[in-house]
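The first sequence lines up with residues 3 to 276 when you count with our numbering.
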Amino acid sequence: MPELPEVETVKNGLAPVWLNQTIRRVELRRENLRYPFKPDFKETLEGARVTQMSRRGKYMIVSLNKGQHLIIHLGMSGSFKIEGSLYVPVKHDHVLFYLSNDKTLIYNDPRRFGFMVLVEDIEVYPPFKIMGPDPLGNDFNAPYLKRKFKTLETPIKTALLNQSLIAGIGNIYACEALHMAGISPLKPVQKISLSKLELLTQSIRDVLFKAIEVGGSSLKDHRQADGSLGYFQHQFTVYGRENALCLTCKRETNHIKRIVQAGRSTFYCPHCQR
DNA sequence: CGGGCCACCTGGCGGC
DNA sequence: TGCCGCCAGGTGGCCC
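Right under this line is the structure:
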């Protein structure tokens, strides 16, 4: 499910229910997600109050009054539900947080690529140490990309997925942003001009903001925390549209193409994207 | 060091 | 209906 817009949506949906509440009890319905839960996981969380909720790239951060931070990654299929205190777990409900407001937060994750980790210090968490700037923030701009891309031969699509260059972009929004900017996913990053990079950074911001506005993309698993679906999938211009007409050039001779780059599907219009 | 490949895991879908 | 292969929003380890 979750790229930056989906994680942002989930965080914003959980915040009104979770923020300032005490976690009365944590129920682990298995011993691991992607990684085993640390022995003190449950004990540390129980009795703690949530003082802040934030996001870094595709990670959600739940900060506690005791000083620790609960870091949550949704993997490919992780989602949250908000229910009452009498909720009965269903398949793939792995972690339940019972809160002081009698709400229950349920983490469901069929594929279990997601994970939860407790850390004392956010800044030393390895994924954050190597993470690039957030594309919605001020540190992300064309000159930054120009500098980073200078010596790289990687195709731009692959580079956009590299979390140490830019945090939070995944397969959908990489494809969508490149289409909006009219840049071929195959283009080696070295060769992209500063003015094209200006266009690209703006396209990335545009597509992410628009997706957040409508609650992210619901393909299979993603739901907003209140259970409602996101709607951005209806606005995909290339993702998942192999052989369909490009909505920009509408040329019958140049339909949307699907290729594989670094093991992931890339969708693009060979006519509009050069 | 960069880049490619594959594993991790479950489920949905299309083809036969 | 059933089985099989392929595909899926991510990350990270291993190998060259």
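Just so it is clear, CB atoms sit at the ideal spot from N, CA and C, and this is done for glycine as well.
{"Query": "Compare the beta carbon distance of Gly1 and Gly77 with 8 Å and say whether it is the shorter of the two.", "Result": "A question about residue 1 goes unanswered here, because the residues of the chain that appear run from 3 up to 276."}
{"Query": "Using a threshold of 7 Å, is the CB atom of Thr53 nearer than that to any non-hydrogen atom of the ligand SAH?", "Result": "Summarising the ligand content, the structure contains no ligands, and the ligand SAH is consequently not present."}
{"Query": "Cα separation between Phe238 and Asp42?", "Result": "43 Å"}
{"Query": "Is it buried or exposed for Gly59, if we count other Cβ within 10 angstroms and need 16 for buried?", "Result": "buried"}
{"Query": "Taking 8 Å as the threshold (C-beta atoms), are Ser219 and Gly232 in contact?", "Result": "yes"}
{"Query": "Quick check on the burial criterion: 16 or more other C-beta atoms within 10 angstroms. Buried or exposed for Val90?", "Result": "exposed"}
{"Query": "Judging by CA-CA distance, which residue of Arg149, Leu98, Thr268, Ser65 is the nearest neighbour of Asp123?", "Result": "Ser65"}
{"Query": "Between which two residues does the beta strand (DSSP E) carrying Val121 extend?", "Result": "117 to 121"}
{"Query": "Can you list, in chain order, the residues of its chain whose CB lies under 6 Å from that of Ala183, leaving out five sequence neighbours each side?", "Result": "Leu201, Leu202, Ser205"}
{"Query": "Looking at Gln275: is its Cβ nearer than 8 Å to the Cβ of Ser166?", "Result": "no"}
{"Query": "Less than 8 Å separating the beta-carbons of Ile261 and Thr268?", "Result": "yes"}
{"Query": "Within this structure, are the beta carbons of Leu154 and Val191 separated by less than 8 Å?", "Result": "yes"}
{"Query": "Specify the secondary structure class of Arg27 as computed by DSSP and reduced to three states.", "Result": "strand"}
{"Query": "Expressed to the nearest angstrom, what Euclidean distance is found between the alpha-carbon atoms of His273 and Glu254?", "Result": "11 Å"}
{"Query": "Using 10 angstroms around the beta-carbon of Asn110, count the other beta-carbons present and answer buried if the total reaches 16, otherwise exposed.", "Result": "buried"}
{"Query": "Find out if the Cβ-Cβ distance for the pair Ile158, Val119 is shorter than 8 Å.", "Result": "no"}
{"Query": "Residue range of the alpha helix (DSSP H) that Asp208 falls in?", "Result": "196 to 215"}
{"Query": "With DSSP as the reference, label Arg51 as helix, strand or coil.", "Result": "strand"}
{"Query": "From Trp20 to Glu215, what does the alpha carbon distance come to, in whole angstroms?", "Result": "21 Å"}
{"Query": "Roughly how many whole angstroms lie between the Cα atoms of Cys310 and Phe234?", "Result": "Since the displayed the chain opens at 3 and closes at 276, residue 310 lies outside it and no answer follows."}
{"Query": "Taking only three categories from DSSP, how would you classify Phe43?", "Result": "helix"}
{"Query": "At what residues does the alpha helix (DSSP H) containing Met182 begin and finish?", "Result": "173 to 183"}
{"Query": "Within a Cβ cutoff of 8 Å, which residues of the same chain sit near Gly217, ignoring the five residues on either side of it in sequence?", "Result": "Thr11, Gln226, Ser230, Leu231, Gly232, Tyr233, Phe234"}
{"Query": "On the premise that Val28 lies in contact with Met62, defined as a C-beta separation below 8 Å, what is that separation, rounded to the nearest angstrom?", "Result": "Met62 to Val28, Cβ: 16 Å. No contact."}
{"Query": "Just to confirm the assignment, what range does the alpha helix (DSSP H) spanning Leu66 have?", "Result": "Per DSSP, Leu66 belongs to no alpha helix (DSSP H); it is in the beta strand (DSSP E), 61 to 66."}
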